[in-house]
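The structure appears below as structure tokens.
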DNA sequence: TATGAATGAGGTTTCATTCAT
DNA sequence: GATGAATGAAACCTCATTCAT
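Protein chains in written order, with this note's numbering: chain A, 1 to 218; chain B, 1001 to 1218; chain C, 2001 to 2218; chain D, 3001 to 3218.
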């Protein structure tokens, strides 16, 4: 028998033997919660499926009812991390604010979210390459959504004349912003003992805006 | 019996059975050259020691005369990558240039070096965590040297009054610069199809200097 | 993940992945039966785990579901040998006999048991030292039980006035008796071509009792 | 080229490339001295030839000039141990003493020698089986010499009417005596914390002679 | 739907021995 | 005679995955 079910938990359909989609989602959440911790502390390759099953509180057999490959679990985990990052950002968007205020707020929020899930962000950086090409694209696409948020703010700021920035640099600038936020996670070994979270946010914001606002001191 | 030789190839002494240090260095270079390619294409965990031996053109037994653990190879590789990055940068330093000129040059050079070894940089980002704590510190220390280069340029620029920058932001700015350079490697999936290397360097340089130079357009 | 099951097969708990204790015991018996023969004919170190798996009629993977180390197998084997020796002796104990009669009977029985499992006894002598300190103590403790049997008989004989023996020599004498029985195994190269089993038992018994019975010829 | 030399170091000729017999003997002594300690502490199988070479203070290549197999080293070691035991005994023989006095003395001496080299005796018990059939016979033959010493004393005691013993039991009794002496080594875990060396010798001697001397208390 | 025992390919590492120098 | 680098078969053990119950 071939796995045919269509448990939905992201763009990529992972085969399952189980018919009830609700059950599939619930179980996969258990798997993700268990696996993310293990991947963080031991890395993907050094984590065994047995360990994941055990931490998920079901048997190895049951685990394989809901996924077909260990790599599927990595996909679920990576996708979920990016989803959580994206959703964490959502919170502060959509309010009717001046572009520079929204940028300030969104950047702060992003760094805060990353701070709260820094191990997860690190995991993404380190293990994404273990995914299939297809799965990797899915994960990166989710990541791109975050960049787009900032690109949109920048564009609006340009239109509103708040930012001083060549229009063709918008995308690059958005990319920079996201990377400088994630850097709080992947360079924490260099940053944590020099700055507090608050200091980091403030200084990066200052540097950033000094670049964007027309010449004035921020 | 414990491996006792002292083949020098970085701060951390890796035990070897072979007594001739010249030979040790030569053979370890072979190992590094072979391993780096394999690690890049398959990842550290999916590369087998046998493959490394084969690609190094000697037997598995010989391989283990020069290292004691597979992880040693990863250490050698990571250390070597950072060394090459650092050395690539060296090239453009020490000329008597104005700080902003030197920064421009150094940044350009760093991105060029990273472009030439982008796979290697990616490798560092992805596999460093597989090292022992001690080995990891060694590797990160080597990486820090690069940041220091930029911090020094920034300090000089401040003293010379060329840069507009709060003195307490120097280190953070240096860190930013290095990350924005390395980003060319680890975000290449997002950047390569938007910018050429030249475009990337120019735009990032522009953004960077607009931040540092006192209000003037660059 | 750590093996956590509790398959009982002696004082020392050997970890297993398998949950059903009945199965664990059954499979370990298979392992013991297969391993003891191999250890006898090739020695512990020259026997490979694959050979043990093969002789146990299951795959190497299955073997490692029931033990965690090759040394565990040696422990199981050694412990089992001592158990069998001890149980073989049990047979003749507990009848209401005069002390000298019981001693005669117990010694005869012990030598017979040892004769039937002489290879096993040799194995104990040769391979016990390959065990961990803890495991070794377990095995030696089991061996001590046999000495205690004889010490008890001697004590009773003293109380009943049957034996002529300094009370402080009881333990040493018991030790001597067991060693002289086991000697039939570990000196067989010197003894087998001079005496039959029956001759050996009779002569040793005679020498022994001439020592213990008060002056009379036996 | 085939090893052809005839370095003499016992009955069994071990091939060597080296012509000078003096050198061969000297070097082999070095090997034996180094190897015996290693075998005692780690066992024969867990000791590597590299370790032996290192402890012998010459290179692995040189080691193989004087032996042809790791097993040869075990042979040299075992043979040497038995030689030393035999020679230790020699010391007290050949004086014109009454048989019972000589027995007393010889037994005491044997236990003392064994006490001084108890690890070595243990080694013999544990590793002899790793020898080739031929080599093993050589080693056991050397051991038999010790038994013969005691058999001779017993025979003389019989002729002189000092001992009460069936003549056909002489060999068995001699064997018993040697085993009870060696037992001080191979049962030391059970004996050492109950008796001092002196107590052990005295008590065993008493038990022994009570068996041999005609009914009198000793 | 859930279980967990069974599988075996394949991973890392060791080490006795050789042989060119 | 001495050296020690090179070899590669083979050792122990792991673990993703299956499938009968």
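A virtual CB, placed ideally from N, CA and C, is assigned to each residue, including glycine.
Item to check | Chain-ordered residues of the stretch 1171-1192 of chain B with a beta carbon less than 8 angstroms from chain A | outcome: Listed by position, the residues of the stretch 1171-1192 of chain B near chain A (Cβ gap below 8 angstroms) are 1171, 1172, 1173, 1175, 1176, 1179, 1180, 1183, 1186, 1187, 1189, 1190 and 1191.
Checklist entry - Taking Cβ positions only, does residue 1025(B) come closer than 8 angstroms to chain A? => result Not one chain A Cβ lies under 8 angstroms of residue 1025(B).
Checklist entry - Does the distance from the CB of residue 3031(D) to the CB of residue 3052(D) come in under 8 angstroms? => result In contact: residue 3031(D) and residue 3052(D) (Cβ atoms closer than 8 angstroms).
Next on the checklist: So, for residue 2079(C): in the same chain, excluding its five sequence neighbours on each side, which residues have a beta-carbon less than 7 angstroms away from its beta-carbon?
Outcome noted: Contacts found: 2010, 2138, 2139 and 2142.
Checklist entry - Alpha carbon to alpha carbon, how far is residue 3120(D) from residue 3037(D)? => result Spanning the alpha carbons of residue 3120(D) and residue 3037(D) requires a straight line of approximately 9 angstroms.
Checklist entry - Just by C-beta distance, which residues in the stretch 3076-3093 of chain D are closer than 8 angstroms to chain C? => result So nothing in the stretch comes that close.
Next on the checklist: Please tell me whether residue 3210(D) has its Cβ less than 8 angstroms away from any Cβ of chain C.
Outcome noted: It does: the Cβ of residue 3210(D) has a partner Cβ on chain C nearer than 8 angstroms.
Checklist entry - Skipping 5 residues on each side, what residues in its chain have a beta carbon closer than 7 angstroms to that of residue 3008(D)? => result Residue placement at residue 3008(D) is poorly supported in this model, since its pLDDT is 37, which falls under 50; the coordinates are not used for a value here.
Checklist entry - What are the start and end residues of the alpha helix (DSSP H) that includes residue 1173(B)? => result Counting along the chain, residue 1173(B) sits inside the alpha helix (DSSP H) bounded by residues 1170-1186.
Checklist entry - By DSSP, does residue 2150(C) sit in helix, in strand, or in coil? => result Residue state, collapsed to three classes: helix.
Checklist entry - Does residue 69(A) have its Cβ less than 8 angstroms from a Cβ in chain B? => result False, the Cβ-Cβ gap to chain B never drops below 8 angstroms.
Checklist entry - Counting pairs of Cβ atoms below 8 angstroms between the stretch 2168-2180 of chain C and the stretch 2112-2130 of chain C, do you hit three or more? => result Contact between the stretch 2168-2180 of chain C and the stretch 2112-2130 of chain C is absent, because fewer than three Cβ pairs lie under 8 angstroms.
Checklist entry - If contact means a Cβ-Cβ distance below 9 angstroms, which residues of the stretch 133-154 of chain A contact chain B? => result Result list: 136, 137, 140, 143, 144 and 147.
Next on the checklist: If you reduce the DSSP assignment to three classes, tell me which class residue 1107(B) lands in.
Outcome noted: Here residue 1107(B) carries a helix assignment [DSSP, helix/strand/coil].
Next on the checklist: Counting C-beta neighbours from all protein chains within 10 Å, is the total for residue 2210(C) 16 or more, i.e. buried, or is it exposed?
Outcome noted: Buried, since its Cβ has 16 or more Cβ neighbours within 10 Å.
Checklist entry - Are the CB atoms of residue 3169(D) and residue 2105(C) nearer to each other than 8 angstroms? => result No, the pair does not count as a contact, with Cβ atoms beyond the cut-off.
Item to check | Endpoints, the alpha helix (DSSP H) within which residue 1029(B) is located | outcome: Element bounds for residue 1029(B): 1021-1042.
Item to check | Alpha carbon of residue 2184(C) to alpha carbon of residue 2191(C), nearest angstrom | outcome: The straight-line gap from Cα to Cα measures roughly 7 angstroms.
Next on the checklist: Check for me: the alpha helix (DSSP H) holding residue 87(A) runs from which residue to which?
Outcome noted: Unbroken alpha helix (DSSP H) run through residue 87(A): 70-90.
Checklist entry - What's the C-alpha gap between residue 2228(C) and residue 2056(C)? => result Outside the shown range of chain C, which is 2001 to 2218, sits residue 2228(C), and nothing can be said about it.
Checklist entry - Is the CB-CB distance between residue 2074(C) and residue 2127(C) below 8 angstroms? => result In contact: residue 2074(C) and residue 2127(C) (Cβ atoms closer than 8 angstroms).
Checklist entry - So which of 212(A), 16(A) and 83(A) has the shortest CA-CA distance to residue 155(A)? => result Minimum Cα-Cα distance from residue 155(A) among the listed residues 212(A), 16(A) and 83(A) corresponds to 212(A).
Item to check | residue 3162(D) to residue 2189(C) span [Cα, whole Å] | outcome: If I take the Cα positions, the gap works out to 30 angstroms.
Checklist entry - Since residue 1065(B) and residue 1018(B) are thought to touch, with beta carbons under 8 angstroms apart, how far apart are those beta carbons, to the nearest angstrom? => result Cβ atoms of residue 1065(B) and residue 1018(B) come within 8 angstroms of each other, at about 5 angstroms.
Next on the checklist: Please report the straight-line C-alpha distance between residue 181(A) and residue 58(A), rounded to a whole angstrom.
Outcome noted: Straight-line spacing of the CA atoms in residue 181(A) and residue 58(A) works out to 37 angstroms.
Checklist entry - Using the rule of at least 16 other Cβ atoms within 10 Å of the residue's Cβ for burial, across every protein chain shown, is residue 3094(D) buried or exposed? => result With a 10 Å radius around the Cβ and a threshold of 16 neighbouring Cβ atoms, residue 3094(D) comes out exposed.
Item to check | CB contact check: residue 2169(C) to chain D, cutoff 8 angstroms | outcome: It does: the Cβ of residue 2169(C) has a partner Cβ on chain D nearer than 8 angstroms.
Item to check | Best match in 3109(D), 3096(D) and 3122(D) for proximity to residue 3081(D) [C-alpha to C-alpha] | outcome: Per the C-alpha coordinates, the member of 3109(D), 3096(D) and 3122(D) positioned closest to residue 3081(D) is 3122(D).
Next on the checklist: Considering only DSSP beta bridges, list what residue 2163(C) is partnered with.
Outcome noted: Residue pairing by DSSP puts residue 2163(C) in a beta bridge opposite 2213(C).
Checklist entry - So, helix, strand or coil for residue 2136(C), using DSSP? => result Note: residue 2136(C) maps to helix in three-state DSSP.
Checklist entry - Near residue 3130(D), which residues of its chain fall below 8 angstroms by C-beta distance, leaving aside the five closest residues on each side in sequence? => result For residue 3130(D), same chain residues with a beta-carbon under 8 angstroms away, outside a window of 5 residues either side, are 3044, 3045, 3071 and 3074 in chain order.
Item to check | 8 angstroms Cβ cutoff, residue 2203(C) in contact with chain D | outcome: Interface residue, yes.
Checklist entry - If residue 2186(C) sits next to residue 2125(C), beta carbons under 8 angstroms apart, how far is it from one beta carbon to the other, in whole angstroms? => result About 5 angstroms separates the two Cβ atoms, so the contact holds.
Checklist entry - Hey, is residue 3103(D)'s beta-carbon within less than 8 angstroms of any beta-carbon in chain C? => result Closer than 8 angstroms: no.
Checklist entry - From the beta carbon of residue 2213(C), is the nearest beta carbon of chain D less than 8 angstroms away? => result Chain D, which has no Cβ nearer than 8 angstroms to the Cβ of residue 2213(C), makes this no.
Next on the checklist: Assuming contact is defined by CB atoms lying nearer than 8 angstroms, are residue 2146(C) and residue 2089(C) in contact in what I supplied?
Outcome noted: Their beta carbons are under 8 angstroms apart, which means residue 2146(C) touches residue 2089(C) by this criterion.
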